[in-house]
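Participant: Quick note, the sequence shown lines up with residues 1 to 298 if you use the working numbering. Beta carbons: idealized from backbone N, C-alpha and C, even for Gly. Sharing a structure here in structure tokens format.
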Amino acid sequence: MLTRIDAPALPAGRGLTVIVNPSSGPSDSDELVAQIRHALPAATILEPDDPDDVDARLREHAPGATAIGIVGGDGSVSGAAAVAADAGKPLVVVPGGTLNHFARDLGVETVAGVARAVEKGEAVAVQRGLVDGRTFLNTASFATYPQLVDAREALEHRVGKWPALAVALARVLRRENAIDVEIDGYAARIWVAFVGNGMYEPAGLAPRRRASLDDGVLDVRLVNAHGRWARTRVIGAALVGRVPRCRAFDRRVVKELRVRCLAGALRLAADGETFDGGDDVLIRLAPEPLALYSPVAG
């Protein structure tokens, strides 16, 4: 159940500035832009040539806009959400990336649908997760997953994204990738760590959906590497759909999580984007929700 929140109605998109991420869009991104221009003719649409300029353009134009919008995938959307929160502006999301999990949870499937929400001022409240100060809307992670993303990105320019993912997964799983950390003061050896922004279903290592975007909790899922054959047990449990019953699997629902890495700085991921964090990382929720236009708010 999504929670309605106040947002200004923008007839024809007047007052809306939309930035298009040139790197995350599919081959029909030009068609998406054409649809936005048709549905919201008064909106300002900016198409930077360099994907590295997207954040700067958002921050440049946010103060003078009534609302800001982003065309891109999950990583682009979380970056835009950080800018919108800093500027105190509502956000419009047009899914245009390879992965659009957040747009799906938001109920945004088409340009026409989100355009109607913009014109009517229909929006929902969305909580922001913060990992070491960086916004995430879906999930944050440490341990194996950031290593997997880094390995995939090193290969994808040569073999393509999905083949690179398969090769990277094989390489990561062959190695011992567990890290020694303290989680809320307790020592742990962790192989996999996901932190969901809100409660996800199903249980296990492949959460796919959530009913709420502002339930006020973090959904933490850990694979503990302590004990003999811990990794083998988890892989076997995953194959038969019994991960939640595996002794190496730990799920907890919290308001915040503090992670201290005993070996130094943590490599982190937020909505699929990796970065270097500190050795003492706080994962928490931002105090105020963000307004996002959504057709399901009507």
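Is E109 close to chain B, meaning its C-beta is less than 8 Å from at least one C-beta of that chain?
Facilitator: No chain B appears in this structure, which consists of one protein chain only.
Participant: Report the option in A7, P22 and L292 whose CA atom is closest to the CA atom of T98.
Facilitator: Here the closest residue by C-alpha is P22.
Participant: Using the C-alpha atoms, what's the distance from E60 back to D215?
Facilitator: 32 Å
Participant: In terms of DSSP beta bridges, what is Y293 paired with?
Facilitator: According to DSSP, Y293 bridges with A123.
Participant: Considering only the beta carbon of each residue, do T66 and P8 sit closer than 8 Å?
Facilitator: In contact: T66 and P8 (Cβ atoms closer than 8 Å).
Participant: Please name the residue, chosen from L292, R258, G264 and T17, that lies closest to A140 on a Cα-to-Cα basis.
Facilitator: The residue from L292, R258, G264 and T17 with its alpha-carbon nearest to that of A140 is R258.
Participant: Using only the alpha-carbon positions, how far apart do G113 and L262 sit?
Facilitator: 48 Å
Participant: On the three-state DSSP scale, how would you describe G75?
Facilitator: helix
Participant: Suppose you measure from the CA of G64 to the CA of D86; what does that come to, to the nearest Å?
Facilitator: 13 Å
Participant: If you check the beta carbons only, do T17 and L40 fall under 8 Å apart?
Facilitator: no
Participant: Note down the Cα distance separating V299 from G79, rounded to an integer number of angstroms.
Facilitator: The question about residue 299 has no answer here: the residues shown for the chain are numbered 1 through 298.
Participant: Going by C-alpha to C-alpha distance, which of A269, V126, G73 and N100 sits closest to L2?
Facilitator: V126
Participant: Taking all protein chains shown into account, do 16 or more other C-beta atoms lie within 10 angstroms of the C-beta of F275, making it buried, or fewer, making it exposed?
Facilitator: F275 is exposed by the Cβ-count criterion.
Participant: In terms of alpha-carbon separation, which member of A203, R210 and R104 lies closest to D250?
Facilitator: A203
Participant: Using the rule of at least 16 other Cβ atoms within 10 Å of the residue's Cβ for burial, across every protein chain shown, is D52 buried or exposed?
Facilitator: exposed
Participant: Could you tell me the alpha carbon to alpha carbon distance between I68 and V131, rounded to whole angstroms?
Facilitator: 23 Å
Participant: Spatial neighbours of A115 within its chain, please: CB distance less than 8 Å, with the 5 preceding and 5 following residues excluded, ordered by chain position.
Facilitator: So the qualifying residues of the chain are G13, I36, A39 and L40.
Participant: Cα-Cα, which of V254, S212, A265 and F142 is closest to D271?
Facilitator: If we check each option's Cα against that of D271, F142 comes out closest.
Participant: Please state whether the Cβ-Cβ distance between R209 and D279 is less than 8 Å.
Facilitator: No, they are not a contact pair.
Participant: Going by DSSP in three states, L155 sits in which element: helix, strand or coil?
Facilitator: Low confidence applies here, because L155 scores a pLDDT of 47, under 50, leaving its location unreliable and the question unanswered by this model.
Participant: Express the C-alpha separation of L268 and I190 in angstroms, rounding to a whole number.
Facilitator: 14 Å
Participant: Could you check if T135 is buried or exposed, using at least 16 other CB atoms within 10 Å of its CB as the buried criterion?
Facilitator: buried
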